[in-house]
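To keep things clear, I will list the structure first and then write my remarks on it.
2 protein chains.
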Amino acid sequence: MYEKVTLKHIADDTGLSISTVSRALSQTGKISSENQKIVFESAHRLNYPLSTSQTPVDLRSSINIALVTRHYTGEFYASLFEGFDKSTEGTKITMNLTSVSHTDKPTIQIISDLKNSQYDAAVIFLPEFTAADYMELLEFIPANLPIVSIAPIANPVMDTVTFDNYRGGYLVASHFEERGFKNLGIIQGPIKHSEAMLRKSGFIDYIHASDNLNLVWQFNGDYSFLKGKEAYENFKHSDVKPDAIFCSNDGMTLGFMHSAIRDGVHIPCDVAVAGFDDLPTCELYTPTITSVHTPYDILGKKTLELIFNRLKQSSTVQHSGYTSLVPVSLSVRESSTDLSNVFRKYYQELP
Amino acid sequence: MYEKVTLKHIADDTGLSISTVSRALSQTGKISSENQKIVFESAHRLNYPLSTSQTPVDLRSSINIALVTRHYTGEFYASLFEGFDKSTEGTKITMNLTSVSHTDKPTIQIISDLKNSQYDAAVIFLPEFTAADYMELLEFIPANLPIVSIAPIANPVMDTVTFDNYRGGYLVASHFEERGFKNLGIIQGPIKHSEAMLRKSGFIDYIHASDNLNLVWQFNGDYSFLKGKEAYENFKHSDVKPDAIFCSNDGMTLGFMHSAIRDGVHIPCDVAVAGFDDLPTCELYTPTITSVHTPYDILGKKTLELIFNRLKQSSTVQHSGYTSLVPVSLSVRESSTDLSNVFRKYYQELP
DNA sequence: AGTGACTCTGCAAATTTTTTTCATTACATT
DNA sequence: AATGTAATGAAAAAAATTTGCAGAGTCACT
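Protein sequence lines, in the order shown, are assigned to chains L and F.
Residue numbers for the first sequence follow this note's numbering, beginning at 494 and rising by one.
Residue numbers for the second sequence follow this note's numbering, beginning at 494 and rising by one.
Below, the structure written as structure tokens:
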């Protein structure tokens, strides 16, 4: 059995009197800020039961933020988390990855419970959430738990920080034009995902605005590797073949290329390819893959700034629905540029 | 300002008397187990300040376990976390990924602090930790915070659950022999990592025990993609060339293959390759990559079992240094088997 | 140097919260 | 029906926390 921790313990620990400790913890004025800091530090160290957020933000030794997502396999989530983690560098913020995949509890319940598990705020990435889900979430979460979404929604009901998906698609089309491709194709993401539609729109809008480009092939994907392979089969049997294809995410890019290469299709000579997400694999694959680069560390930095400000104001939480877009860029690689003989030799002298 | 939550609130909430609530929370006998459960549930819901682990394990609504690692980029960590998360399915355990990378705090400090952040236990994966580090860690961590390591150590001072790395290397050599390869090579991992040495030993011991096999080439790596590329350069200029190479992890496998393919080397015809970790990429690469499969979900399940038992005993924590090995298998793919013309066509008709 | 306004602190009293004692009830066993 | 046991609430006791008050510094101004 643990002995109960009381003000007396903290008083002994800090050398102050019980009254001073009490005043420090209950924040009823008349206390020097140094001593207040000392008392909170001691209270935390001795494990005095303080309900969450009883400690003012600037006196905390650390701020805990949960990153809530659904799936985890693959590089995408590793990159996402790494970006957030990197952006906590030099701050007293601690990021934690929390799962909503392998559990019976409803997602909204999990997020609401964060408050009781010493979390100060939550970043949610749940692209499959509908407007109704968001509304329900807003109702249930504790009022003093700031939440920021990093998945775009058509009609944002809470603060959102997300990549400029529209511009990503736009950049790809522009790059294809620059490279001299004329007939373009797209493997789009799930229709219900807002960001998939934005990527598509950016791509198509550029094509329509240009005199040189035509959209000649389209395929509905779901972001999975296997759908990418399916897309290739569709492409293979299509009458009109695009010169260049924009895949809405790298998972499908990899699937498409995997099948294509096995079929003797040369990328980019036969068909050029560009993806979205710029996963580490893009640089490691053969050929290396052109992809829209999404700087997770900047996304993280922006998001944490937003949360930090929200925590400081503390008072009323407004889920204003303000969206902030993080710019993306294009990492141009071999899969969309003319190859300077890189693979000419490859497998040539085989029997 | 939040109103302070007292026993009275819980009494009103549950319909019980203050005395009963007090008895339930302080666990001084004479209380029915149903009511105790009800009281704890209510206390949690109303956010009554309970210092961590004041609630007995079987009455908790959830158990929080932290997975502490250093790096995060790449699929390896995503797979690791996914495995753990999967193994919490159907339990009331919640896993969280915690970083020790991007922070000024010393690692040991972070782990010690977990107790204060409502964590009930920790799983640590810190391959670079030395015996001295582990000893120091054991001294500093709170006595009632069970810790299990999932990185092998030569002389384990705390409970360890890890893959059978030795057997992994052994399996690869055995597979190479079966395939008819004679002269083998190895790109080994960092000498300071215990598991890297085990992988190497398993591989080499099999070779020595066999009459058909010779070890003709060796390279010291560090698990990075770039070292894999370096390894290829070394291989390229080496006089004796192995028929088949075991790369101690998939990062280096990818680096080696990347350079080799660009140099017109055919894998597996010119040189066969097998890796370790069986990352998702192994199946997506061209050619697909043979690799030692490490079942993270089973590792997770084993680890969580261990922790759960430890939490139930609660009393004295013994860091017994008991090691438990999770079996690995070999995922055989194209990079080490004779290719049935898969790439014959590829790039053949280029000018 | 003296004065007053101010802040911060500790002691002790006041108040609140929690624990314990004790009587009562319900229910099972003999 | 008598006895024993466990669980509970009311009230008393104990413990913990907050508050009133006085004193000690500090600082600006005379």
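The beta-carbon is built from N, C-alpha and C at its ideal position, and this holds for glycine as well.
By the criterion of a C-beta distance shorter than 7 Å, L/N528 is surrounded in its chain by L509, T513 and A517, once the five residues flanking it on both sides are discounted. In the three-state reduction of the DSSP assignment, F/G748 falls in the helix class.
Bridge pairing for F/L708: F/L677 [DSSP].
Counting every other CB atom within 10 Å of its CB across the protein chains shown gives L/T787 a total of 16 or more, marking it as buried. The segment 665-684 of chain L and the segment 727-739 of chain L touch, with no fewer than 3 CB-CB distances between them shorter than 8 Å.
A straight-line Cα-Cα distance of about 10 Å links L/L708 and L/D698.
Closer than 8 Å at the C-beta level to chain L, one finds no residue of the segment 672-685 of chain F.
Within the segment 762-774 of chain L, the residues whose Cβ lies closer than 8 Å to any Cβ of chain F are, in chain order, C762, P773 and T774. For the options F/I760, F/N557, F/M690 and F/S580, the alpha carbon positioned closest to that of F/Q611 is the one of F/N557.
With respect to the 9 Å criterion, L/I617 and L/I646 are not classified as neighbours on the basis of their beta carbons. Taking a 10 Å sphere around the C-beta of F/L772, we find 16 or more other C-beta atoms and assign the residue as buried. Taking 9 Å as the cut-off, the Cβ atoms of F/T596 and F/M588 do not count as close. Taking 8 Å as the cut-off between beta carbons, the residues of the segment 604-616 of chain F near chain L are D606, K608, N609, S610 and Q611, in sequence order. In the three-state DSSP reduction, F/V654 falls in the strand class (E or B). Annotation: the continuous beta strand (DSSP E) that includes F/S822 extends over S822 to S824. Distance from the CA of L/W710 to the CA of L/T548, rounded to the nearest whole angstrom, comes to 58 Å. Against chain L, the CB of F/N557 has a partner CB under 9 Å away; the residue lies at that interface. Taking CB atoms only, F/L619 has no neighbour in chain L less than 9 Å away. Here L/M745 is buried. Its C-beta has 16 or more other C-beta atoms within 10 Å.
In terms of beta-carbon proximity, F/I782 stays away from the interface with chain L, with every pair separated by 9 Å or more. For F/F696, there is no enclosing beta strand (DSSP E); the enclosing alpha helix (DSSP H) has its first and last residue at S687 to A702. Out of L/Y815, L/D770 and L/E621, the CA that lies nearest to the CA of L/S572 is found in L/D770.
In the three-state scheme derived from DSSP, where H, G and I count as helix and E and B as strand, L/A559 is classed as strand.
Listed in chain order, the alpha helix (DSSP H) elements of length 4 or more contained wholly in the segment 777-818 of chain L are 789-806. Using a CB distance below 7 Å, no part of the segment 789-803 of chain L faces chain F.
Linking F/S828 to F/D626 through their CA atoms gives a straight-line distance of about 39 Å. Within its own chain, the residues whose Cβ lies closer than 6 Å to the Cβ of F/A624, once the five positions on either side in sequence are excluded, are N648, listed in chain order. Listed along the chain, the chain L residues whose CB falls inside 9 Å of the CB of F/E582 are S594, H595, T596 and D597. The three-state reading of DSSP puts F/T499 in coil, since its state is none of H, G, I, E or B. Here the segment 657-664 of chain L makes contact with the segment 819-826 of chain L; the two share three or more CB pairs at distances below 8 Å.
With a cut-off of 8 Å on Cβ pairs, the segment 684-703 of chain F is not in contact with the segment 628-635 of chain F, counting fewer than three such pairs. When beta bridges are read from the DSSP output, F/S592 appears opposite F/T562.
Using a Cβ-Cβ cut-off of 7 Å, F/L777 is close to F718, L747 and H751 of chain L, given in chain order. DSSP, reduced to helix, strand and coil, places F/F618 within a strand of the structure shown. A check of alpha carbon separations from L/F749 across L/D763, L/A767 and L/G721 identifies L/G721 as the nearest.
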